[in-house]
Amino acid sequence: MEEKIIIQCPECQSKMRVPKGKHVSFTCKTCRIQLEFDDRSVYKKLDQSKSKKTISSVVIYLLTLIIAFPISIILNQFLPIVEGYYKYEKLLLFLIITFLLGVVFKKFTNLILITVCAILIFLTYGSVQNKYGFSKLFLDYKSYIIAINNGPELQESVFSKLKPFKDKNEIIAAVDYSNPIVRDFALTSTEDDKFSCKEYRDYCNLIQFFAVFKKIRENWNYVNDPQGEEYYAKASETFSRKRFSGDCDDYSIAIAAAIKSIGGKVRLVSTDGHLYPELYIEDKKSLENVNYIISQKLFKNEIDKDVIHYHEDASGGFWLNLDYTADYPGGKFMHEEILGILKL
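So in my numbering, the last spot in the sequence shown is 349, and the numbers never skip.
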């Protein structure tokens, strides 16, 4: 049976029994005033106070982590890519934001609710207006995590012997992207259900370019030019055949023309005895999302544990390798040294 002690109401002097060693609130039966009585020991009070503070600290810490994630993801796109520290810069950004939020929230706990509401309002508005909302944040989050574990790999551009682009005019003429045969091929390639844009509408163009890459690469039959001669087959000539044939020049011309015919930006890179195409990716955020779409959705089996490879130009744009060295966009570069670049 619970042990009780007798206390006296300070208002009406009535006596009553209350539990011993506990903190209780009650109403005096005689004068009906609210009373409070604390019979706990000093140590017990301190323990319970510490327990409440610990729970409060844990809740604040968890909320800080939850809030830090979307803020880190949004700010990540503005960070420059530092080669060799790609994974660590993301982790460092997250830790810094978590620390700063933790310091602020510890002093001003009311800001937690305000911050959560502000983020929810921002994302809800973005979702309704088809801007930056929940779905885009979720894609960025998945891309962010994948990039930490298996991020795209920058290939340093080496221009030790940069020369005038060989047969520049002939190659430009061969990239006949306005020819109906070329555009018809590109349009047909994008009809593959695997490359549907429904899930990633912001990257629909890039997904269609990848569909073109896959169609050409998986149907390519490598054939050398006549001995001692350079023959540049027009893209329309290549696509007029059921099976696409030719050397690296013809492959690059076909890729460039088909992608350009549906709005893509491409360039051709000349190395020692080789030519390959590259696809333009506008910014870091797009690069990371493309990395996710390639490695986790469109070419998951092909890429396996490998990474995508790209160059970065002087203006901060990214160029994804579309050579036939791999059966996914962003395969390894065959040669590091670049002899010439032809922008189309």
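Just so it is clear, CB atoms sit at the ideal spot from N, CA and C, and this is done for glycine as well.
Beta-carbon contacts of residue 68 that lie in its chain and below 8 Å, excluding the five residues immediately before and after: In the sequence shown, the residue the question calls residue 68 occupies position 63. Excluding sequence neighbours, residue 68 sits near 110, 117 and 121.
So what's residue 320 in DSSP terms, helix, strand or just coil? Here residue 320 corresponds to residue number 315 of the sequence shown, with the count starting at 1. Of the three classes helix, strand and coil, the one that applies to residue 320 here is coil, per DSSP.
With a threshold of 8 Å, are at least 3 pairs of Cβ atoms found where one atom belongs to the region 210 to 223 and the other to the region 235 to 242? Contact between the region 210 to 223 and the region 235 to 242 is absent, because fewer than three Cβ pairs lie under 8 Å.
Tell me the DSSP bridge mates of residue 43? Stepping through the sequence shown from its first residue, residue 43 is reached at position 38. Here residue 43 is bridged, per DSSP, to 28.
Can residue 276 and residue 340 be called in contact, C-beta distance under 8 Å? The residue given as residue 276 occupies position 271 in the sequence shown. The residue given as residue 340 occupies position 335 in the sequence shown. Yes; because the gap between Cβ atoms is below 8 Å, this pair is in contact.
For the alpha helix (DSSP H) containing residue 222, list its first residue and its last residue. By one-based count along the sequence shown, residue 222 stands at place 217. From DSSP, the alpha helix (DSSP H) with residue 222 extends over 209 to 223.
Going by the beta-carbon positions, is the gap between residue 187 and residue 262 smaller than 8 Å? Position 182 of the sequence shown, counting from 1, holds the residue named residue 187. Position 257 of the sequence shown, counting from 1, holds the residue named residue 262. Cβ atoms of residue 187 and residue 262: closer than 8 Å.
Taking all protein chains shown into account, do 16 or more other C-beta atoms lie within 10 angstroms of the C-beta of residue 309, making it buried, or fewer, making it exposed? As a working mapping, residue 309 is identified with position 304 in the sequence shown. Under this definition residue 309 is an exposed residue.
Tell me whether residue 222 is buried or exposed, calling it buried when 16 or more other Cβ atoms sit within 10 Å of its Cβ. Stepping through the sequence shown from its first residue, residue 222 is reached at position 217. Buried.
When you compare each of 298, 250 and 131 to residue 209 by their alpha carbons, which one comes out closest? Here residue 209 refers to the residue found at position 204 when the sequence shown is read from its first residue. The shortest Cα separation from residue 209 among 298, 250 and 131 belongs to 298.
Hey, would you say residue 24 sits closer than 8 Å to residue 9, going by beta carbons? As a first step, residue 24 is located in the sequence shown; it is residue number 19 there, counting from the start. As a first step, residue 9 is located in the sequence shown; it is residue number 4 there, counting from the start. Contact flag set, yes.
Contact under 8 Å by Cβ, residue 282 with residue 295: Position 277 of the sequence shown, counted from the first residue, corresponds to residue 282. Position 290 of the sequence shown, counted from the first residue, corresponds to residue 295. For the 8 Å CB-CB criterion, residue 282 and residue 295 do not form a contact.
Which whole-angstrom value is the C-beta distance of residue 132 and residue 184, which I expect to be below 8 Å? Here residue 132 refers to the residue found at position 127 when the sequence shown is read from its first residue. Here residue 184 refers to the residue found at position 179 when the sequence shown is read from its first residue. Actually they are not in contact, since the Cβ atoms of residue 132 and residue 184 sit about 41 Å apart, beyond 8 Å.
Given this structure, state the Cα-to-Cα distance separating residue 83 from residue 172, to the nearest angstrom. For the purposes of this step, residue 83 is identified with residue 78 of the sequence shown, where counting begins at 1. For the purposes of this step, residue 172 is identified with residue 167 of the sequence shown, where counting begins at 1. Cα to Cα, the separation comes out at about 39 Å.
Using the beta-carbon count (16 or more within 10 Å), is residue 319 buried or exposed? Along the sequence shown, read from residue 1 onward, the residue named residue 319 stands at position 314. Counting every other CB atom within 10 Å of its CB across the protein chains shown gives residue 319 a total below 16, marking it as exposed.
Starting from the C-beta of residue 130, find all residues in its chain whose C-beta is less than 8 Å away, skip the five residues before and the five after it, and write them out in chain order. By 1-based counting over the sequence shown, the position of residue 130 is 125. Cβ neighbours of residue 130 beyond the five flanking positions: 136 and 138.
Can you tell me whether residue 93 is helix, strand or coil according to DSSP? Locating residue 93 in the sequence shown gives position 88, counting from the first residue. Residue state, collapsed to three classes: helix.
Less than 8 Å between the beta carbons of residue 16 and residue 30, yes or no? Taking the sequence shown and counting its residues from 1, the one referred to as residue 16 is at position 11. Taking the sequence shown and counting its residues from 1, the one referred to as residue 30 is at position 25. Going by C-beta atoms, residue 16 is not nearer than 8 Å to residue 30.
Which of the three DSSP states is assigned to residue 228 in this structure? Here residue 228 refers to the residue found at position 223 when the sequence shown is read from its first residue. Three-state result, residue 228: coil.
Alpha-carbon spacing of residue 175 relative to residue 246, whole angstroms: Residue numbering aside, residue 175 sits at position 170 when the sequence shown is read from its first letter. Residue numbering aside, residue 246 sits at position 241 when the sequence shown is read from its first letter. Straight-line measurement puts the Cα of residue 246 at about 21 Å from the Cα of residue 175.
Please identify the residue among 302, 322 and 326 whose C-alpha is closest to the C-alpha of residue 205. Counting from 1 along the sequence shown, the entry for residue 205 is found at position 200. In terms of CA proximity to residue 205, 302 leads the group 302, 322 and 326.
I'd like the list of long-range same chain contacts for residue 337, defined as Cβ closer than 6 Å, with 5 residues on each side in sequence excluded. Reading the sequence shown from its first residue, position 332 is the one you call residue 337. For residue 337, where only same-chain residues beyond five positions count, the Cβ hits under 6 Å are 314 and 330.
Can you give me the start and stop residues for the alpha helix (DSSP H) that residue 249 sits inside? Within the sequence shown, residue 249 is the residue found at index 244, counting from 1. It is not in any alpha helix (DSSP H) - residue 249 instead sits in the beta strand (DSSP E) that spans 249 to 251.
According to DSSP, simplified to helix, strand and coil, what is residue 242? Counted from its first residue, the sequence shown places residue 242 at position 237. Residue 242: helix per DSSP, three-state reduction.
I need the DSSP call for residue 301, collapsed to helix, strand or coil. Residue 301 sits at position 296 when you count from the first residue of the sequence shown. Three-state DSSP puts residue 301 in a helix.
Helix or strand or just coil, what does DSSP make of residue 296? Start at 1 with the first residue of the sequence shown, and residue 296 comes out as number 291. Of the three classes helix, strand and coil, the one that applies to residue 296 here is helix, per DSSP.
Since residue 78 and residue 125 are thought to touch, with beta carbons under 8 Å apart, how far apart are those beta carbons, to the nearest angstrom? Here residue 78 corresponds to residue number 73 of the sequence shown, with the count starting at 1. Here residue 125 corresponds to residue number 120 of the sequence shown, with the count starting at 1. Not quite, the Cβ-Cβ distance comes to about 15 Å (not below 8 Å), so this is no contact.
Rounding to the nearest angstrom, what Cα-Cα distance links residue 106 and residue 98 in this structure? Walking along the sequence shown from the start, residue 106 turns up at place 101. Walking along the sequence shown from the start, residue 98 turns up at place 93. Spanning the two alpha carbons is a distance of roughly 12 Å.
Given a threshold of 16 other Cβ atoms within 10 Å of its Cβ, counted over all protein chains shown, does residue 28 qualify as buried or as exposed? In the sequence shown, the residue the question calls residue 28 occupies position 23. Residue 28 comes out exposed.
Please report how far the alpha carbon of residue 343 lies from the alpha carbon of residue 197, in whole angstroms. Along the sequence shown, one-based indexing puts residue 343 at 338. Along the sequence shown, one-based indexing puts residue 197 at 192. Approximately 34 Å, taken between the alpha carbons.
Does the beta-carbon of residue 232 have 16 or more other beta-carbons within 10 angstroms, so that it is buried, or is it exposed? Locating residue 232 in the sequence shown gives position 227, where the first residue counts as 1. That one is exposed.
Measuring straight from C-alpha to C-alpha, what distance separates residue 285 and residue 113? Indexing the sequence shown from 1 puts residue 285 at position 280. Indexing the sequence shown from 1 puts residue 113 at position 108. If you take the alpha carbons of residue 285 and residue 113, they lie about 45 Å apart.
For residue 211, which option in 178, 293 and 251 has the closest C-alpha, if you only look at C-alpha atoms? Stepping through the sequence shown from its first residue, residue 211 is reached at position 206. Nearest C-alpha to residue 211: 293.
Just grab the DSSP bridge partners of residue 285 for me. Reading the sequence shown from its first residue, position 280 is the one you call residue 285. In the DSSP output, where bridge partners are listed per residue, residue 285 has 324.
Between which two residues does the beta strand (DSSP E) holding residue 348 run? Position 343 of the sequence shown, counted from the start, is the residue given in the question as residue 348. Where residue 348 is concerned, the enclosing beta strand (DSSP E) stretches over 345 to 348.
Considering residue 12, what are the terminal residues of the beta strand (DSSP E) in which it resides? Taking the first residue of the sequence shown as position 1, residue 12 is located at position 7. First-last of the beta strand (DSSP E) with residue 12: 9 to 13.
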